[in-house]
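Under the UniProt record's numbering, the first residue of the sequence shown carries the number 1, and numbering increases by one thereafter. Even glycine gets a Cβ: it sits at the ideal position worked out from N, Cα and C. Structure first, commentary second.
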Amino acid sequence: MRSHVDLPVSLTRDSAEPLTAQLVGWLRGAMLDGTMASGERLPSTRALAAQLGVSRTVVTEAYQQLYAEGWLDGRHGSGTFVAAMEHPPRPPEESAYVPAPPPPAGLINLTSGSPWVRDYDEAAWKRAWRRAADLPPGDEPDSHGLPRLRELLADHLRRARGMAVGPENILVTRGTGNGLDLCAMALLGPGVRAGVEDPGYRVARTVFAARGAEVVPCPVDEDGVIVDGLPGDLRVLYTTPAHQFPLGGRLPIPRRERLLAWARATGATIVEDDYDAEFRYDVAPLPALYGLDPSRVVLLGTLSKILAPDVGVGWLVGEPELVSRIAGLRWEVADRTSGPVQQAVATLLERGDLDRHLRRMRLEYARRRAAVVELLGPACRLRGDTAGLHVLAELPGALVPGVIERARERGVLLDSTERHHHGPAQLHGLVIGYGSASLPDVRRGCEIVADLIREARR
1 MRSHVDLPVS LTRDSAEPLT AQLVGWLRGA MLDGTMASGE RLPSTRALAA QLGVSRTVVT
61 EAYQQLYAEG WLDGRHGSGT FVAAMEHPPR PPEESAYVPA PPPPAGLINL TSGSPWVRDY
121 DEAAWKRAWR RAADLPPGDE PDSHGLPRLR ELLADHLRRA RGMAVGPENI LVTRGTGNGL
181 DLCAMALLGP GVRAGVEDPG YRVARTVFAA RGAEVVPCPV DEDGVIVDGL PGDLRVLYTT
241 PAHQFPLGGR LPIPRRERLL AWARATGATI VEDDYDAEFR YDVAPLPALY GLDPSRVVLL
301 GTLSKILAPD VGVGWLVGEP ELVSRIAGLR WEVADRTSGP VQQAVATLLE RGDLDRHLRR
361 MRLEYARRRA AVVELLGPAC RLRGDTAGLH VLAELPGALV PGVIERARER GVLLDSTERH
421 HHGPAQLHGL VIGYGSASLP DVRRGCEIVA DLIREARR
């Protein structure tokens, strides 16, 4: 066995194909044609990112994709290796996850997942970064996160989510994906069964599979995950009870209690993604699962929707013993959240700037949500319109591809439920996001989509 392989790979930013997809394609091809042999060790994500001149995230996501497909093996403390195999796995079908490229300029983007980042308090933003720049660089980063930021996040969660937690319950992450990976590292392993909502967040499936877990699709209905019939041998269940992605359900209190009873009976840990919990319009937020039973739940949150994905700060909330164990594992793999970024976020929280931004954006998104309901409501049934930054527009499956294609021809980019299912889609429709387009564009885009739906139904 050769111990290490040099990768003569080059990526181009001029290509319409995302950098991660380029890297996945090159590595897969090299393993298929024998350029990279079974057992060879790949460079670390840090080293390869430096070699290619790209962010570490590009390489990490490429490795995770190839882990999930079975091309790579990970050995704890030893690195990443080409998997030993007699018959290499087939390249993924078209339905396999490939990061979507940015929408072409000029299109109205009504896909989900992105917030509005152009309306922010410029003075507060600059003040936060000046404060971070005034502080000297740290030499011993705390894998839990900056103590002051953890105190401020505990206070934020108490006010925003009614959770009685302290700094000892909080670990500062780089976002939900990072939090998921840390949970998987601590709670999962080869062959361990992990449940993920179906349809649901594809990143959760990819991350769990990359850690060697057997991913089990768990059906959802219009209220959220269906508790009755959940397997009893799951070690982890990932769920989005505040606003199920992508169907938009809000898990009712009785079902939350049954879900927690199931976790206590089976010994499973629930990984609660507090997705869209900050944005409620017609109803008050329900209590977080974590607050109902901290012993069985790990909660993940992020600033990606509140502020901007580019900030790269989130949080993991759990019992102190588990948080300390995760922090220890994190230290071993040299994973950390940027210290200056944490300092800037702490300043935004400390001065109340983040709370003011959240209140302003809640009103802004409410106006967009009202426009979506007004224009699309008469054309189709909408789900999940009481919260979050997206709604589900239900349509017969046969109509969806045509509506998406014609919408693109008219300058509107749409997403469907299909790619969010673990297998064949059971529920069909359009996932309409209203976070990343301006209010006038949301109105114009929804008018076009409503016309196309009515034409398709005729």
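| query | result |
| --- | --- |
| According to DSSP, is A387 part of a helix, a strand, or is it coil? | strand |
| What does the Cβ neighbour count give for R211, buried or exposed, with the cut at 16 atoms within 10 Å? | buried |
| Indicate whether D385 and V373 have their beta-carbon atoms separated by less than 8 Å. | yes |
| Identify whether H420 lies in helix, strand or coil by the three-state DSSP scheme. | helix |
| Would you mind reading off the limits of the beta strand (DSSP E) that contains G445? | Counting along the chain, G445 falls outside any beta strand (DSSP E), though it belongs to the alpha helix (DSSP H) covering L439 to R457. |
| Let me know the secondary structure DSSP gives L230 once reduced to three states. | coil |
| Could you tell me which whole alpha helix (DSSP H) segments of length 4 or greater appear in the region 224–290? | 253–266 |
| The beta strand (DSSP E) spanning T173 covers which residue range? | I170 to T173 |
| Quick check on the DSSP output: the beta strand (DSSP E) that includes V196 runs from which residue to which? | R193 to D198 |
| Counting along the chain, where does the beta strand (DSSP E) carrying W315 start and finish? | G314 to V317 |
| Could you tell me the distance, in whole angstroms, from the CA atom of I432 to the CA atom of D415? | 7 Å |
| Grab me the residues of S55's own chain with a C-beta within less than 7 Å of its C-beta, minus the 5 sequence neighbours each way, in chain order. | A49 |
| Rounded to whole angstroms, what is the Cα-Cα separation between A209 and R458? | 43 Å |
| Assign E93 to one of two classes, buried (16 or more other C-beta atoms within 10 Å of its C-beta) or exposed (fewer than that). | Unreliable positioning characterises E93 in this predicted model, as indicated by a pLDDT of 44, which lies under 50. The coordinate reading is nonetheless provided below. Per the 10 Å Cβ criterion, exposed. |
| Identify every residue that forms a DSSP beta bridge with A393. | L382 and L430 |
| Output the distance between the C-alpha atoms of V341 and E61, rounded to the nearest integer angstrom. | 22 Å |
| How is the beta strand (DSSP E) around G145 delimited, first residue to last? | Run containing G145: none; DSSP gives neither H nor E here. |
| Apart from the five residues just before and just after E214, which ones in its own chain have a Cβ nearer than 8 Å to its Cβ? | G191, V192, R193 and A194 |
| Might you give, ordered along the chain, the residues of its own chain that have their beta carbon closer than 6 Å to the beta carbon of L399, omitting 5 neighbours on each side? | A456 |
| Between the region 249–268 and the region 140–149, do three or more beta carbon pairs fall short of 8 Å? | no |
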